[in-house]
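These notes concern the structure reproduced below.
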Amino acid sequence: MSARRVEEAALDWVCAHRDRFALGEDALAADGQVNRTWKPLGELAQVCASVCVGTPPSDPLHARVTELLDFAWQQTHKGEMFLLMQSLEPFATYPLEVYAAFASAGYRHPGYEASAAVVARTRGWRLTEQYPTRRLGVMEAERRSGLSPHGKVPQALDRTWLGGLPEPWTFERAAGYALTHVVFHLTEWGRTPQGVPPDLADYLRHWLPPWLDTCLEARMWDLSCELLAVAASLPSPPEPAVLEDAWQRVAAAQHACGAIPEEGSARDAAPPGQDGPYAFTDCYHSTLMAVFAAALTTARRSEVERAGQGVPG
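Printed below as a string of structure tokens:
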């Protein structure tokens, strides 16, 4: 099972570098860089929450991701920092999006949810200008946090690149990342494949394999792993041979330490240092996405096998 081996090694790397996801003193600074503070922590929380739900408690990986999730929650002072962030940036959506990842796993802060509900009822919140995919994500974050979504999913979906069923040859990097997140939002990050409308499911089943092959050929490992997560989130995944080939190629790109670069290969990496062959910012997201996609793939494989079919991992 190529996916399982990739997942175990990638999770080893994440656990070994857990402290790199910790929030520093600049987490609440006015000039702080959100992409270097809250973004990595939020992505760690989301991946661990999804893997925790989809992995049986008897699986050793379940305990490991639960420990990581507890660590991430402690970094927020058990949710207190979300209240502070909202007082500093009332109409920023990223605090709610990060919080939603924790809320989906049962980590709640009633005080923050009550405060967020007040802001979410304002016209200013509803009228914040966002890319269509981001708006869909905010609506999903509202729902997972116990708030009333400020819009309707079908209307928001229609405004996204994927929702318009575009010509397949218009696929490129930005469109790829947009479509993966549309699927993540529609399926609660892989938990509910039936959340993908039939027309989108048919479209993706037909075109996802060649797009995935293109990204793998270009050694775009981060996007490739996201596409593999999408494949495992569809009501009917692609052919088993397509998935097994893709996972073998991802496994070949994985460094011995478990890290996977966003792009390129180990030959392109700098000489190994204290932190491994890649800078943390160059591999943490792709390595997390490998854990996420592999966990979904393994779970779907088990489901399909129980139904009398077979999807390799």
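Number 509 in my numbering belongs to position 282 of the sequence shown; there are no gaps in the numbering. From the three backbone atoms N, C-alpha and C, an ideal C-beta is built for every residue, glycine too. Computed from a predicted model, the values in this text were never measured in an experiment.
{"query": "If I measure Cβ to Cβ from residue 481 and keep anything under 8 Å in the same chain, skipping five residues before and after, which residues do I get?", "result": "233, 236, 237, 487, 517"}
{"query": "With distances taken Cα to Cα, identify the nearest neighbour of residue 461 among 426, 490, 473, 478.", "result": "426"}
{"query": "Would you mind stating whether residue 513 and residue 416 have Cβ atoms separated by less than 8 Å?", "result": "no"}
{"query": "Whole angstroms are fine: how far does the CA of residue 383 sit from the CA of residue 288?", "result": "35 Å"}
{"query": "When you compare each of 281, 347, 329, 284 to residue 313 by their alpha carbons, which one comes out closest?", "result": "347"}
{"query": "Kindly indicate which residue of 275, 355, 330, 400 has the alpha-carbon position closest to the one of residue 245.", "result": "275"}
{"query": "Contact between the region 387-395 and the region 246-255 is defined here as three or more beta-carbon pairs at a separation below 8 Å; is this criterion met?", "result": "no"}
{"query": "Among 476, 285, 354, which has the Cα closest to the Cα of residue 445?", "result": "476"}
{"query": "Please classify residue 436 as buried or exposed, where buried requires at least 16 neighbouring CB atoms within 10 angstroms.", "result": "buried"}
{"query": "Would you kindly check if the distance between the Cβ of residue 479 and the Cβ of residue 230 is under 8 Å?", "result": "no"}
{"query": "Hey, how far is the Cα of residue 526 from the Cα of residue 411?", "result": "16 Å"}
{"query": "Can you give me the Cβ contacts of residue 328 inside the same chain, cut-off strictly under 7 Å, excluding the 5 residues immediately before and after it?", "result": "269, 272, 273, 276"}
{"query": "Measuring only the C-alpha atoms, how far is residue 340 from residue 264?", "result": "22 Å"}
{"query": "For residue 454 versus residue 281, is the C-beta distance shorter than 8 Å?", "result": "no"}
{"query": "Rounded to the nearest angstrom, what separates residue 504 and residue 374 at their Cα positions?", "result": "43 Å"}
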